[in-house]
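Participant: Starting off with a structure, shown below.
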Amino acid sequence: MASIKELNYTPNVLAKSIFKRESSTVGLMIPNLSNPFFNQLASSIEANLLKRDYALFLCNTNDEPEKERYYIEQLASHRVAGIIASRPLCSKPYLDAKIPTVSFENRISEHTPSISTDNYRGGFEAFDRLYETGARRILHLTGPDIFEAVAERRMGFEDAAKRRHIVPQVIHFEQDFREDMLSVSLLNSIDWTGLDAVFVFNDIAAAFVIRHLNSMKIRIPDDIQIIGFDNSYIGRLLFPSLSTFEQSPKEIGLGLVETLLALIQGETEIQTEIRFKPKWIPRESTK
Ligand code: XLF
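Residue numbering for the sequence shown follows the numbering used here, starting at 612 and increasing by one per position.
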């Protein structure tokens, strides 16, 4: 102990991990750092890992499979103990790397544990809630279908509409929200005057819609009601504040970390699909 103090010794974690063939670092793939939901999810995962003495290697994949493949190689060469892949867009590279992995949303394989929200149910309920307030001309602004959660929200929404004999309008954003979308906007091409309500695939995209409607002096919720998805903190900062469905980063982050650590420890009885219930959060943007 005296020598450790005197020499100001710190262990060489890298050397130790080469010797043990594994480190106490976990790789976290985040698909979009501009989206507040993913900030909150990353914070929750980091806090849960820290409590268990694991450090984080953060990889911003930008929803690009190329970057994802690059990071999988990096993580493998750093001998990470495991990977948490959010919204992964490739699967073979994860399976080839043979590192314990869990995903948030998009499934990597039927054996790779995955955690998500019951998105179908959220989409279904979003339609019903709007319908019950009298809205009939309803638009769904959805995202790319390669995001499984988003496709499920759309399917739930469309099935609920079909049950009421309504054909909703559906418009696709080509990607999750990015800052460059502020300049060239798909929103300019939509005829908002013919609508009673909009269900937007996530809160950050809904924030973008609220900003646009405010600039056009369209009153929310009197002229158009809006529902988002996530319950990320941005919904409370907006005016009017956003009604939404909550998927809890706390619950999801804890679930991802516990499942990954169980995998790392070699447990065999691991649930491969965990779904959390979305929770309705009514605020000012709906009636
Ligand atoms: O992938 C979906 C789309 O966006 C994810 O759950 C999110 O709602 C996060 O904002």
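For every residue, glycine included, the Cβ atom is placed at its ideal position computed from N, Cα and C.
Which residues in the same chain have their Cβ closer than 7 Å to the Cβ of F812, if we skip the five residues on either side of it in sequence?
Facilitator: Working through the sequence shown from its first residue, we reach residue 812 at position 201. If we look at F812 and ignore the five residues flanking it on each side, its Cβ neighbours are L752, T753, G754, V761, R764, F840.
Participant: Per DSSP, what are the beta-bridge partners of F856 in this structure?
Facilitator: The sequence position of residue 856 within the sequence shown is 245, counting from 1. BP columns for F856 point to W891.
Participant: Return yes when the C-beta of R847 is under 6 Å from any heavy atom of the ligand XLF, and no when it is not.
Facilitator: Position 236 of the sequence shown, counted from the start, is the residue given in the question as residue 847. Flag unset: Cβ of R847 not near the ligand XLF.
Participant: Starting from the Cα of S800, find the closest Cα among L652, E617, M827 and give me that residue.
Facilitator: For the purposes of this step, residue 800 is taken as residue 189 along the sequence shown, with counting starting at 1. Checking every option, the nearest Cα to that of S800 belongs to M827.
Participant: Decide if Q858 is buried, meaning its Cβ has at least 16 other Cβ atoms within 10 Å, or exposed.
Facilitator: For this step, residue 858 is matched to residue 247 along the sequence shown. It is buried - the Cβ of Q858 has at least 16 other Cβ atoms within 10 Å.
Participant: For T883, which residues of its own chain have a beta-carbon under 6 Å away from its beta-carbon, when the five flanking residues on both sides are left out?
Facilitator: As a working mapping, residue 883 is identified with position 272 in the sequence shown. The residues are P724.
Participant: Among L669, R718, F735, V820, whose alpha-carbon lies nearest the alpha-carbon of P851?
Facilitator: The count along the sequence shown starts at 1 and reaches residue 851 at position 240. Comparing Cα positions, the closest option is V820.
Participant: Verify whether the separation of the beta carbon atoms of A696 and M766 is less than 7 Å.
Facilitator: Reading the sequence shown from its first residue, position 85 is the one you call residue 696. Reading the sequence shown from its first residue, position 155 is the one you call residue 766. Contact: no.
Participant: Would you check if there are 3 or more beta carbon pairs closer than 8 Å linking the region 675-684 to the region 646-657?
Facilitator: no
Participant: Going along the chain, which residues of its own chain have a beta-carbon closer than 6 Å to the beta-carbon of N842, five neighbours each way excluded?
Facilitator: Locating residue 842 in the sequence shown gives position 231, counting from the first residue. Result list for N842: T855, E857, I892, in chain order.
Participant: In angstroms with no decimal places, state the Cα-to-Cα distance between F788 and I757.
Facilitator: Residue mapping note: residue 788 aligns to position 177 of the sequence shown, counting from 1. Residue mapping note: residue 757 aligns to position 146 of the sequence shown, counting from 1. Taking the straight line joining both Cα atoms gives about 15 Å.
Participant: Using a threshold of 7 Å, state whether the C-beta atoms of R698 and Y742 are closer than that.
Facilitator: Taking the sequence shown and counting its residues from 1, the one referred to as residue 698 is at position 87. Taking the sequence shown and counting its residues from 1, the one referred to as residue 742 is at position 131. No; because the gap between Cβ atoms is not below 7 Å, this pair is not in contact.
Participant: Can you tell me where the beta strand (DSSP E) with N671 in it begins and where it stops?
Facilitator: Translated into positions along the sequence shown, residue 671 becomes position 60. Unbroken beta strand (DSSP E) run through N671: 666-671.
Participant: Hey, quick one: how far does the alpha helix (DSSP H) through H722 stretch, first residue to last?
Facilitator: Numbered from 1 along the sequence shown, position 111 holds the residue referred to as residue 722. Judged by DSSP secondary structure, H722 falls outside any alpha helix (DSSP H); it is assigned neither H nor E.
Participant: Helix, strand or coil for H689? Go by DSSP, reduced to three states.
Facilitator: Your numbering for residue 689 matches position 78 in the sequence shown. If DSSP states are grouped into helix, strand and coil, H689 belongs with coil.
Participant: In three-state DSSP terms, what is L871?
Facilitator: Sequence index remark: in the sequence shown, residue 871 carries index 260 (1-based). Of the three classes helix, strand and coil, the one that applies to L871 here is helix, per DSSP.
Participant: Please work out which residues of its chain come closer than 8 Å, Cβ to Cβ, to A816, disregarding the five sequence neighbours upstream and downstream, and give them in chain order.
Facilitator: The sequence position of residue 816 within the sequence shown is 205, counting from 1. Hits under 8 Å: L752, G754, F784, D787, F788, G839.
Participant: Is the beta carbon of N646 within less than 6 Å of some heavy atom of the ligand XLF?
Facilitator: One-based indexing of the sequence shown puts residue 646 at position 35. Remark: the C-beta of N646 is in contact range of the ligand XLF, defined as less than 6 Å to any heavy atom.
Participant: Could you check the C-alpha separation between Y844 and F768 for me, to the nearest Å?
Facilitator: As a working note, residue 844 is residue 233 in the sequence shown. As a working note, residue 768 is residue 157 in the sequence shown. Whole-angstrom Cα-Cα distance: 24 Å.
Participant: So if DSSP puts D841 in a beta bridge, which residue, or which two residues, is it bridged to?
Facilitator: As a working mapping, residue 841 is identified with position 230 in the sequence shown. Partner(s): E857.
Participant: Which same chain residues end up closer than 8 Å to Y620 when comparing Cβ atoms and leaving out the 5 residues on each side of it in sequence?
Facilitator: Position 9 of the sequence shown, counting from 1, holds the residue named residue 620. The answer, listed in chain order, is S614.
Participant: Would you mind reading off the limits of the alpha helix (DSSP H) that contains V761?
Facilitator: The residue given as residue 761 occupies position 150 in the sequence shown. Residue range 759-774 is occupied by the alpha helix (DSSP H) that includes V761.
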